[in-house]
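Here the structure is laid out as structure tokens; the discussion comes afterwards.
2 protein chains.
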Amino acid sequence: MFSKSCEYAIKAVICISQKSREGSRIGVKEVAKNIDAPEHFTAKILQDLSRKNIVQSMKGPNGGFFVEKQDLKTSLADIVKAIDGDKIYNECVLGLKVCSQKNPCPVHNEYREIKKNLIAMLENNKIEHFNEMIDSGKYHLKMK
Amino acid sequence: MFSKSCEYAIKAVICISQKSREGSRIGVKEVAKNIDAPEHFTAKILQDLSRKNIVQSMKGPNGGFFVEKQDLKTSLADIVKAIDGDKIYNECVLGLKVCSQKNPCPVHNEYREIKKNLIAMLENNKIEHFNEMIDSGKYHLKMK
DNA sequence: AAAATAAAAGATAAAAAACTCTTTTATTCC
DNA sequence: GGAATAAAAGAGTTTTTTATCTTTTATTTT
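Chains as they are written, first to last, in the working numbering: chain A, 1 to 144; chain B, 145 to 288.
Here is the structure:
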């Protein structure tokens with residue numbers, strides 16, 4: 001469904017935002033450990049997310065990554081678009097270059113509904129949400 | 145969503161089954177042209193589908209690929225499972241190794257519904273279906 | 001039986017994705 | 001200002017996926 005980078009990105013953003021609520025920043029090393037991803041690879045992804053303003057960063061001692069309050073409204077869709085692009089929005093399930101309402105592939109109509117729900121899910125789920133869910137103890141992100 | 149191989153496989157099976165209804169077999173070269181896929185790569189995929197009994201094959205002059213009548217009941221899910229495995233059935237959207245009803249990731253419950261619909265779509269759509277749809281002229285598989 | 005045809009199998013190559021390592025730049029603390 | 005810290009940037013490497021090329025095997029036709 002999503003690329004590995006994208007999966008890591010989602011987990012990383014949630015992880016960083018949790019730290020941010022406590023008022024502190026978090027370094028690559030700790031993020032990587034938390035989300036069970038390779039450290040340097042995580043660094044690349046975080047650079048990308050930072051360039052795209054999904055997370056913020058500060059260099060130097062006591063530096064690290066954090067998310068600003070207004071960015072808690074970032075949705076899963078925003079992260080997915082930032083990393084994997086908008087192919088889930090546009091691409092045909094069968095990979096046809098031309099597949100539209102006017103010129104549909106055999107599963108176009110059925111898939112449209114599924115896609116609609118998937119996109120709705122990605123857009124409605126914001127990171128502030130996840131913080132609450134994970135706090136509740138009923139949901140997790142751990143790889144154990 | 146699916147690998148390239150899998151997309152090709154789906155199109156190839158539909159393409160072959162259409163020829164089979166006319167009572168004739170079809171060679172790799174023609175399949176590849178029809179589905180706009182590289183010839184030798186298509187050959188590999190067809191070998192795989194043949195080993196897994198989703199299509200049949202015959203060597204020699206007048207040989208080629210075909211699908212038997214009973215195999216028209218093959219669903220998209222069967223093809224996807226044969227090529228990409230059953231990860232859409234089992235894997236967590238966020239890539240967590242542990243993600244279940246008892247130990248859900250933050251989107252587990254919402255995604256479960258979407259997954260259910262997706263799987264239903266894949267299982268309900270059989271290739272005999274597609275033949276009719278494409279015959280009707282309202283749906284297509286062409287890459288033009 | 002020989003020639004022709006077409007898939008099967010095996011080996012190789014190219015591209016993309018995933019991952020690693022090293023150097024540079026910005027910031028803070030002393 | 002100098003040392004220490006941590007991200008940014010750049011330059012690899014490895015693995016997986018996608019694609020190509022060559023040889024072998026099975027079948028048919030003559």
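Glycine included, each C-beta is placed from N, C-alpha and C at the ideal position.
Test: B/Met265 CB closer than 9 Å to a CB of chain A:
It does; some Cβ of chain A falls within 9 Å.
Could you check what DSSP says for A/Lys126 in three-state terms: helix, strand or coil?
strand
Please name the residues in the stretch 176-187 of chain B whose beta-carbon is closer than 7 Å to at least one beta-carbon of chain A, in chain order.
none
Secondary structure at A/Ile54, three-state DSSP: helix, strand or coil?
coil
Of the residues that make up the stretch 96-114 of chain A, which ones have a beta carbon closer than 8 Å to any beta carbon in chain B?
Leu96, Lys97, Val98, Asn103, Pro104, Cys105, Pro106, Val107, His108, Glu110, Tyr111, Glu113 and Ile114
Please specify which runs of the alpha helix (DSSP H), each continuous and at least 4 residues long, are wholly inside the stretch 193-262 of chain B, giving them in chain order.
220-228 and 231-234
Measuring CB to CB, does B/His145 end up less than 9 Å from A/Val93?
For the sequence presented, residue 145 of chain B should be read as Met rather than His. Closer than 9 Å, so yes.
If I follow the unbroken alpha helix (DSSP H) through B/Ile154, where does it start and stop?
Lys148 to Arg165
Please go through the same chain and pick out, in chain order, the residues whose beta-carbon is closer than 8 Å to the beta-carbon of B/Asp222, but skip the five residues on each side of it.
Ile198
Out of curiosity, what's the CA-to-CA distance linking B/Gly207 and B/Leu240?
Rounded to whole angstroms, B/Gly207 to B/Leu240 spans 46 Å at the Cα level.
If we ignore side chains and look at the alpha-carbon of each, how far apart do B/Lys231 and B/Tyr255 end up?
14 Å
Below 8 Å on the Cβ atoms is my contact criterion, and I expect B/Val211 with B/Leu190 to pass it. Report the Cβ-Cβ distance as a whole number of Å.
The Cβ separation is near 11 Å, so there is no contact.
Checking contacts by CB at 9 Å: is A/Val93 closer than that to chain B?
Yes, A/Val93 lies at the interface with chain B (some Cβ there is under 9 Å from its Cβ).
Can you give the Cα-Cα distance for A/Gln70 and A/Glu128, rounded to whole angstroms?
Distance between the alpha carbons of A/Gln70 and A/Glu128 is about 10 Å.
Can you give me, in chain order, the residues of the stretch 149-161 of chain B that have a beta carbon less than 7 Å from any beta carbon in chain A?
Glu151, Ile154 and Lys155
Please report the Cβ distance between B/Arg165 and B/Asn275, rounded to the nearest whole angstrom; I am assuming they are in contact, meaning their Cβ atoms lie under 8 Å.
6 Å
C-beta neighbour in chain A for B/Asn234, strict 9 Å
no
Go ahead and label A/Ala37 buried or exposed: buried means 16 or more other beta carbons lie within 10 angstroms of its beta carbon, across all protein chains shown.
buried
Among A/Ile26, A/Gln18, A/Val98 and A/Gly60, nearest to A/Leu145 - alpha-carbon criterion
Residue 145 of chain A lies beyond the range of chain A shown here (1 to 144); nothing can be said about it.
Under 7 Å by beta carbon: chain A residues contacting B/Leu193:
What B/Leu193 touches in chain A: nothing, since even the nearest Cβ is about 16 Å away.
Shortest alpha-carbon distance to A/Leu5 belongs to which of A/Asn34, A/His140 and A/Thr42?
Here residue 5 of chain A is Ser; the residue named in the question, Leu, does not match the sequence. Among A/Asn34, A/His140 and A/Thr42, the Cα nearest to that of A/Ser5 belongs to A/Thr42.
Where the alpha helix (DSSP H) through A/Ala32 begins and ends
Val28 to Ile35
Leaving out five residues on either side along the sequence, give the residues of the same chain with a beta carbon under 8 Å from the beta carbon of B/Cys243.
For B/Cys243, where only same-chain residues beyond five positions count, the Cβ hits under 8 Å are Cys236, Cys249 and His252.
Using 10 angstroms around the beta-carbon of A/Met58, count the other beta-carbons present and answer buried if the total reaches 16, otherwise exposed.
A/Met58 is exposed by the Cβ-count criterion.
Burial state of A/Glu7, where buried means 16 or more other Cβ atoms lie within 10 Å:
Buried, since its Cβ has 16 or more Cβ neighbours within 10 Å.
Contacting residues, own chain, Cβ-Cβ under 6 Å from B/Ser147 (five flanking each side not counted)
Asp228.
Whole-number beta carbon distance between A/Met121 and B/Ile258, since they are thought to touch under 8 Å:
6 Å
Can you find a heavy atom of the ligand PLP that lies under 8 Å from the Cβ of A/Asn62?
This structure lacks the ligand PLP, and indeed carries no ligand of any kind.
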